[in-house]
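As you go down the protein sequences, you meet chains A and B in turn. Its first residue numbered 1, the first sequence is counted upward by one per residue in my numbering. Its first residue numbered 291, the second sequence is counted upward by one per residue in my numbering. Using N, Cα and C, we set each Cβ at its ideal position, and we do this for glycine too. First the structure, in the form of structure tokens, and then the observations on it.
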Amino acid sequence: MTEPVKHVDRRTTWKGQWWRHAILLPLTIATLYPVLWVVKMALTPQGTPDLSANPFPSEITFENFEALIGTTDIHGTWLFGHWLFNSLVIAGATTVVGIALSCTAAYAFSRFDFPGRELGMNAFLVTQMFPGVVMAIPLYILMDATGLLNSITGLVLCYSTTAIPFCVWMLKGYFDTIPRDLEEAATIDGASQWTIFLVIVLPLSRPAIAVTALFSFMTAWNEFILAATFMGDETAFTLPVALQRFVGDYSTDWGAFAAGAIVVSIPVMALFFALQKNLVEGLTAGSVKG
Amino acid sequence: MMPLLRRALLTLALVLLPAPAAAEDAEVVRLWHAYRGQEQAALEANILWLQERDPNIKVDILAVPSEAFRTKLTNAVPHDNGPDLFIAPHEAAAQWSANNIIQPAVFPAALPPSSFSDPAIEAVTYDDRVWAVPLAFKSLALFYNRDLVDRVPADLESMALLGAEVADVPFAYEVGNFYHHAAFFHAYGGRVFADAESPVDLDTEAMRQALRYVKDLVDSETVPPETDGALVANLFNTGKTAFVFNGPWFLGEIGPTINFGVAPLPDIPGTGPLRPFLTVESLYRAARSKASDRAVAKVIAAVAGLEGSVVRATVGRQVVALEPAHDDPRVARDTTLGAFVAQARAAVPMPNRPEMGAVWEPANRALRAVVRGSSVPTVASARAQQEVGFYLRPPPPPSSPGPYLVLLALLLLGGAMGTLHLARRSNLVARVRASKHAYMYLLPASLGMIAVVFVPFLVGSAVSLFAHKGGEFTFVGLKNFARILQSSDYPVTDPMSFWFTLVVTVAWTLGNVALHTGIGLGLALLLRDPWMKLKGIYRVLLIVPWAVPNYITALIWKGMFNRQFGAVNGVLDVFGIEPVSWFSNFFTAFAANLTTNTWLGFPFMMVVTLGALQAIPRDLTEAAEVDGASAWERFRHITLPLLRPALLPAVILGSVWTFNMFNIIYLVSAGEPGGSTEILISEAYKWAFTRQAQYGYASAYSLLIFGILIVYTLLTKKVTEAGAPA
Chain A
1 MTEPVKHVDR
11 RTTWKGQWWR
21 HAILLPLTIA
31 TLYPVLWVVK
41 MALTPQGTPD
51 LSANPFPSEI
61 TFENFEALIG
71 TTDIHGTWLF
81 GHWLFNSLVI
91 AGATTVVGIA
101 LSCTAAYAFS
111 RFDFPGRELG
121 MNAFLVTQMF
131 PGVVMAIPLY
141 ILMDATGLLN
151 SITGLVLCYS
161 TTAIPFCVWM
171 LKGYFDTIPR
181 DLEEAATIDG
191 ASQWTIFLVI
201 VLPLSRPAIA
211 VTALFSFMTA
221 WNEFILAATF
231 MGDETAFTLP
241 VALQRFVGDY
251 STDWGAFAAG
261 AIVVSIPVMA
271 LFFALQKNLV
281 EGLTAGSVKG
Chain B
291 MMPLLRRALL
301 TLALVLLPAP
311 AAAEDAEVVR
321 LWHAYRGQEQ
331 AALEANILWL
341 QERDPNIKVD
351 ILAVPSEAFR
361 TKLTNAVPHD
371 NGPDLFIAPH
381 EAAAQWSANN
391 IIQPAVFPAA
401 LPPSSFSDPA
411 IEAVTYDDRV
421 WAVPLAFKSL
431 ALFYNRDLVD
441 RVPADLESMA
451 LLGAEVADVP
461 FAYEVGNFYH
471 HAAFFHAYGG
481 RVFADAESPV
491 DLDTEAMRQA
501 LRYVKDLVDS
511 ETVPPETDGA
521 LVANLFNTGK
531 TAFVFNGPWF
541 LGEIGPTINF
551 GVAPLPDIPG
561 TGPLRPFLTV
571 ESLYRAARSK
581 ASDRAVAKVI
591 AAVAGLEGSV
601 VRATVGRQVV
611 ALEPAHDDPR
621 VARDTTLGAF
631 VAQARAAVPM
641 PNRPEMGAVW
651 EPANRALRAV
661 VRGSSVPTVA
671 SARAQQEVGF
681 YLRPPPPPSS
691 PGPYLVLLAL
701 LLLGGAMGTL
711 HLARRSNLVA
721 RVRASKHAYM
731 YLLPASLGMI
741 AVVFVPFLVG
751 SAVSLFAHKG
761 GEFTFVGLKN
771 FARILQSSDY
781 PVTDPMSFWF
791 TLVVTVAWTL
801 GNVALHTGIG
811 LGLALLLRDP
821 WMKLKGIYRV
831 LLIVPWAVPN
841 YITALIWKGM
851 FNRQFGAVNG
861 VLDVFGIEPV
871 SWFSNFFTAF
881 AANLTTNTWL
891 GFPFMMVVTL
901 GALQAIPRDL
911 TEAAEVDGAS
921 AWERFRHITL
931 PLLRPALLPA
941 VILGSVWTFN
951 MFNIIYLVSA
961 GEPGGSTEIL
971 ISEAYKWAFT
981 RQAQYGYASA
991 YSLLIFGILI
1001 VYTLLTKKVT
1011 EAGAPA
């Protein structure tokens, strides 16, 4: 690989950047204002904060968090632990399966010319246009017939196929921007197509893979209707199902819901924090020249 | 943190100790419910008590979110995955008995129907059969703050006067919700169905009088007009009002410091008492239940019997339906429950008729239109009646499937011949062979998509050629499509017509996608500079709207748009702008929805753009900078064209998702005013779930949406390709 081009030596600085902060700071505050209300609801006893515009709680209690985290069933099984574990396993598996299937499919669409290529691309896109209302009942019958009800595999399959079309299109678009010189050079050196895919294309696509990973994770992480419908045991539910339990027919326990919403968002933020350096490190900027 | 630690230790102890009850060959009875909090605790106590006494029974208890309860039940029961028993309101009995979800109730010998109060048994009777064992009553009553008032006037007007003396808001309840409004409707002698046989009648004098009365209450500022459950709780808990109308579920929402009392609802002077709807929560036996009658009877006795009822009353604070339980001293001394029992006697049972499902939407729309002032009671009632008729009209006459089958066969044949012809001409077989590699890469993803997406879609689409009524599908050909497209029931410019909704949906989609992409792109460009301080912090904070479940943030936005108490009007007030009634006008309601969804959606586009920006070699822009290109020129001629391939899929898919994103609209404007801010997909859902389970009609709606999206995408691609540099 060629050496990265030397940029002008600038370290992180405030200088010449104040205008960016002048735009970003108020915008960030405005963005966070509704979220501060979620925090306030979660920390207020009984979940009914005052009606002022002040988003900071006047008295603080952790009872909403304790009630959620301490949830047990009548046999004393620690349900919250099961829910968190299930959610992490299902969302993690969805991410891995979704990305594995999408990367290979996107690579085929980007690098091969074959009969049915256009048709295939469009077929993936079209699936996103099927309104879910048509699919729910046939999907249940399918899961029942294949014995995938009550199984993590069934949910992972549903979630990853939901995420695949976006991932395929996103990755295909990104693969298209990677110059082919490198691959051609590697072919001359005798590398197989598969090696090129694994060793050259995938590492260069880290920004796009990071985006699709976050997307796949989120697809599985927040879903509750399918999880509640397909799973038949409380220890098999996921966190969003538990969260939705606070919404009743007549009333909603907003304090508990807010606490749950915060608990559910933390892993997402952590994942994004871990992934974000892949989004910004200028990976292709230096190593490949167009 | 102490309770948490203690609970953890308790859990540990329970895991370590040998399991006490449940004999090896105990019979399993599966029980589903949607209870939470103290009601759940009481039910679980009943079950534990039963298992302790009778180790031959093991109850598998499952708490399901109420929003998923019906879907789960109606899917699971016909496929033998359902429960043996489940708890649900009585009014679903009609629909479920027609669709074979439930079977008639069997009362244990010690617990004959005569031991329950008459309205309870009446409520669960449909078609001369008793379908469930009644458990508890739910109805509105009057909650008052004892620290603010020392007495409860018997009539509504004296109550409002007293309320105005002691607090800002004379009294509060969910004005725009027909479930709550029904208390007024019934007070004037109105009934949704005049008797067991008669059709829905909303265009009556009672309906008009009740609407007029409530409009006067709003106009005289006696009740706040825009109220939901959270706001009512807020007003009561903060002492801003001394009186609210609410149900027993409110007991769990009242602040610990509030000294409150409960009384039956007051009278309308000169007319009579307010009479709320009465719901009877009941224990149903699911169809296809495999547990023995003996075991099921034991569970019923444990939950609905005397001991069980006393526990549900004292621990769960339920208004239990078993008469003898109210004589028990532990229950009798609870004055709160006593007030609810008195209220239940004056309440009107929720009609147990399948047609009831079609009443809510039109009744709510009429009510809100009058409260808002955009309609008058006479017009609104007539319109509600007309809409109910629209939802309840009979399915189209059956068609003969013969011609359709011939057409299908011809299409398949033509398609096959065309493919063959093409294959021979373009040497397809050889080219397919040569592309073996490509297909191997594609295979795993395609298999998954075909099994989980395409097959269910084809099956679901086929339903659009049928009409579904009472569990039976009849073939009607394309008549569902014809009905939708002709829009014969409403003029094209009416908010309820397909074409009006289509225009709103397109505006909704374009507005959202433009804002998401614009803001997302702008922020990504601001945040890409690698030498900027705090960029990591900004990035993480700015994706928060995507990370937090939108169910709660949408509600907070709705609260911020409240006319009287919302933060948005608070900010406008600072600039001297009059408060805006956001949900009374189409454009402001649309703007409220759009703002909320923009807030929810821009982080996704920001992340996608940040990723896509990495495909652009920095050398290029830097070289252009050296050549003296302005920032705008660099963006327009270098960044944007290079972003296109990675950004376009996100924009196209973003439009597709937004097109079908109904939950934000449902949560924020709820279609207000008058259903005008609804989008197409919400219609499809309503036909499937709230309007008589007309799956065929819903499926036809979905297929039309599908067709529109394909056209929309083709157009988008055309437009963007035309704009692309050659």
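Own chain partners of A496 (chain B) with C-beta closer than 7 Å, once the 5 adjacent residues on each side are dropped:
Here residue 496 (chain B) refers to the residue found at position 206 when the second sequence is read from its first residue. Within the same chain, A496 (chain B) has close Cβ partners F475, Y478, G479 and G480.
Is the shortest distance between the beta-carbon of G147 (chain A) and the beta-carbons of chain C less than 8 Å?
The structure shown has no chain C; the protein chains it does contain are A and B.
Could you check what DSSP says for L32 (chain A) in three-state terms: helix, strand or coil?
For the purposes of this step, residue 32 (chain A) is identified with residue 32 of the first sequence, where counting begins at 1. Helix, per DSSP.
Which same chain residues end up closer than 8 Å to Q984 (chain B) when comparing Cβ atoms and leaving out the 5 residues on each side of it in sequence?
By 1-based counting over the second sequence, the position of residue 984 (chain B) is 694. For Q984 (chain B), where only same-chain residues beyond five positions count, the Cβ hits under 8 Å are P685, A757, H758, K759, W977 and A978.
With 16 as the cutoff for other CB atoms within 10 Å, does V1001 (chain B) come out buried or exposed?
Mapped onto the second sequence, residue 1001 (chain B) falls at position 711. Classification of V1001 (chain B): exposed, given that the 10 Å Cβ count is below 16.
Look at the alpha carbon of L101 (chain A) and the alpha carbon of D417 (chain B), and state the distance between them as a whole number of angstroms.
Translated into positions along the first sequence, residue 101 (chain A) becomes position 101. Translated into positions along the second sequence, residue 417 (chain B) becomes position 127. Cα to Cα, the separation comes out at about 54 Å.
Below 9 Å on C-beta distance, what does T843 (chain B) contact in chain A?
Residue 843 (chain B) sits at position 553 when you count from the first residue of the second sequence. Simply P34, V35, W37, V38 and A261.
For L564 (chain B) versus L555 (chain B), is the C-beta spacing smaller than 8 Å?
On the second sequence, residue 564 (chain B) is found 274 positions in, with the first residue counted as 1. On the second sequence, residue 555 (chain B) is found 265 positions in, with the first residue counted as 1. One thing to note: L564 (chain B) has its Cβ within 8 Å of the Cβ of L555 (chain B).
Please decide whether V241 (chain A) counts as near chain B, where near means a Cβ-Cβ distance under 8 Å.
Locating residue 241 (chain A) in the first sequence gives position 241, counting from the first residue. So, interface residue.
I need the boundaries of the alpha helix (DSSP H) containing W169 (chain A), first residue and last residue.
On the first sequence, residue 169 (chain A) is found 169 positions in, with the first residue counted as 1. Unbroken alpha helix (DSSP H) run through W169 (chain A): I152 to T177.
Taking Cβ positions only, does P26 (chain A) come closer than 8 Å to chain B?
Indexing the first sequence from 1 puts residue 26 (chain A) at position 26. No, P26 (chain A) lies away from the interface with chain B (no Cβ there is under 8 Å from its Cβ).
T604 (chain B), enclosing alpha helix (DSSP H) - first and last residue
On the second sequence, residue 604 (chain B) is found 314 positions in, with the first residue counted as 1. In this chain, the alpha helix (DSSP H) harbouring T604 (chain B) covers L596 to T604.
Take the Cβ of L813 (chain B) as the centre, count every other Cβ of all protein chains shown within 10 Å, and call the residue buried at 16 or more, exposed below.
On the second sequence, position 523 is the one that residue 813 (chain B) refers to. By the 10 Å Cβ count, L813 (chain B) comes out buried.
Could you spell out where the beta strand (DSSP E) holding G120 (chain A) opens and where it closes?
The count along the first sequence starts at 1 and reaches residue 120 (chain A) at position 120. Premise fails: G120 (chain A) lies in the alpha helix (DSSP H), R117 to T127, not in any beta strand (DSSP E).
So that I know if they touch, is there some Cβ in chain B lying closer than 8 Å to that of I196 (chain A)?
As a working mapping, residue 196 (chain A) is identified with position 196 in the first sequence. Answer no: the Cβ-Cβ gap between I196 (chain A) and chain B never drops below 8 Å.
When the distance is taken between beta carbons, is S579 (chain B) closer than 8 Å to D863 (chain B)?
As a working note, residue 863 (chain B) is residue 573 in the second sequence. As a working note, residue 579 (chain B) is residue 289 in the second sequence. Cβ atoms of D863 (chain B) and S579 (chain B): not closer than 8 Å.
Quick one: which unbroken alpha helix (DSSP H) runs of 4-plus residues sit fully inside the segment 454 to 527 of chain B? Chain order, please.
468 to 477, 495 to 509 and 519 to 527
Cβ neighbours of A462 (chain B) in the same chain (closer than 7 Å, five flanking residues each side left out):
Along the second sequence, read from residue 1 onward, the residue named residue 462 (chain B) stands at position 172. The residues are V513, P514, T517, V522, L525, T531 and V534.
What does G92 (chain A) reach in chain B if we use C-beta pairs closer than 7 Å?
Locating residue 92 (chain A) in the first sequence gives position 92, where the first residue counts as 1. Residues of chain B passing the Cβ test: none, with the nearest at roughly 17 Å.
Please report the straight-line C-alpha distance between P619 (chain B) and Q608 (chain B), rounded to a whole angstrom.
As a position in the second sequence, residue 619 (chain B) is number 329, starting the count at 1. As a position in the second sequence, residue 608 (chain B) is number 318, starting the count at 1. In this model, P619 (chain B) and Q608 (chain B) are separated by some 15 Å (Cα to Cα).
I'd like the list of long-range same chain contacts for T195 (chain A), defined as Cβ closer than 8 Å, with 5 residues on each side in sequence excluded.
Locating residue 195 (chain A) in the first sequence gives position 195, where the first residue counts as 1. Cβ neighbours of T195 (chain A) beyond the five flanking positions: A186.
For the alpha helix (DSSP H) holding F130 (chain A), just list the boundary residues, first then last.
The residue you call residue 130 (chain A) lines up with position 130 of the first sequence. Careful: F130 (chain A) lies outside any alpha helix (DSSP H) and carries neither H nor E.
Is V946 (chain B) near C158 (chain A), with beta carbons less than 8 Å apart?
For the purposes of this step, residue 946 (chain B) is identified with residue 656 of the second sequence, where counting begins at 1. For the purposes of this step, residue 158 (chain A) is identified with residue 158 of the first sequence, where counting begins at 1. No, the pair does not count as a contact, with Cβ atoms beyond the cut-off.
Rounded to whole angstroms, what is the Cα-Cα separation between N549 (chain B) and Y434 (chain B)?
Working through the second sequence from its first residue, we reach residue 549 (chain B) at position 259. Working through the second sequence from its first residue, we reach residue 434 (chain B) at position 144. If I take the Cα positions, the gap works out to 9 Å.
Using a beta-carbon distance cut-off of less than 9 Å, what residues from the segment 897 to 913 of chain B approach chain A?
V897, V898, L900, G901, A902, L903, Q904, A905, I906, P907, R908, D909, L910 and E912
Per DSSP, the bridge partner or partners of H758 (chain B)
Here residue 758 (chain B) corresponds to residue number 468 of the second sequence, with the count starting at 1. As DSSP reads the structure, H758 (chain B) sits in a beta bridge with B:F763.
Are the Cβ atoms of A728 (chain B) and A108 (chain A) separated by less than 8 Å?
By 1-based counting over the second sequence, the position of residue 728 (chain B) is 438. By 1-based counting over the first sequence, the position of residue 108 (chain A) is 108. Yes, they are a contact pair.
List the residues of chain B that F224 (chain A) touches, going by C-beta distances under 7 Å, in chain order.
Here residue 224 (chain A) refers to the residue found at position 224 when the first sequence is read from its first residue. In chain order: P355 and A358.
Spatially closest choice to A936 (chain B) from A:I178, A:D233, A:M135 and A:N278, by CA coordinates:
The residue labelled residue 936 (chain B) in the question sits at position 646 within the second sequence. Of A:I178, A:D233, A:M135 and A:N278, the residue nearest in Cα terms is A:I178.
So with CB distances below 7 Å, who are the chain A contacts of R436 (chain B)?
For this step, residue 436 (chain B) is matched to residue 146 along the second sequence. Going along chain A, no residue has its Cβ under 7 Å from R436 (chain B), so there is no contact; the nearest lies around 18 Å.
Find out if the Cβ-Cβ distance for the pair E381 (chain B), N654 (chain B) is shorter than 8 Å.
Taking the second sequence and counting its residues from 1, one reaches residue 381 (chain B) at position 91. Taking the second sequence and counting its residues from 1, one reaches residue 654 (chain B) at position 364. No, the Cβ-Cβ distance between E381 (chain B) and N654 (chain B) is not below 8 Å.
What are the residues in the segment 631 to 664 of chain B lying within 8 Å of chain A by C-beta distance?
none
V631 (chain B): which of B:A611, B:W650 and B:P644 sits nearest, CA to CA?
Position 341 of the second sequence, counted from the first residue, corresponds to residue 631 (chain B). With distances taken between Cα atoms, V631 (chain B) lies closest to B:A611.
Which whole-angstrom value is the C-beta distance of A603 (chain B) and L627 (chain B), which I expect to be below 8 Å?
For the purposes of this step, residue 603 (chain B) is taken as the residue at position 313 of the second sequence. For the purposes of this step, residue 627 (chain B) is taken as the residue at position 337 of the second sequence. Their Cβ separation, rounded to whole angstroms, is 6 Å, which keeps A603 (chain B) and L627 (chain B) in contact under 8 Å.
If you run the structure through DSSP and keep just helix, strand and coil, what is A379 (chain B)?
Counted from its first residue, the second sequence places residue 379 (chain B) at position 89. Checking the sequence shown, residue 379 (chain B) turns out to be Pro, not Ala. Residue state for P379 (chain B) is assigned as strand, using DSSP reduced to three classes.
Count the other C-beta atoms from every protein chain shown that fall within 10 angstroms of the C-beta of Q726 (chain B), then say buried if there are 16 or more, exposed otherwise.
Numbered from 1 along the second sequence, position 436 holds the residue referred to as residue 726 (chain B). At residue 726 (chain B) the sequence reads Lys, which differs from the Gln that was named. Exposed is the call here.
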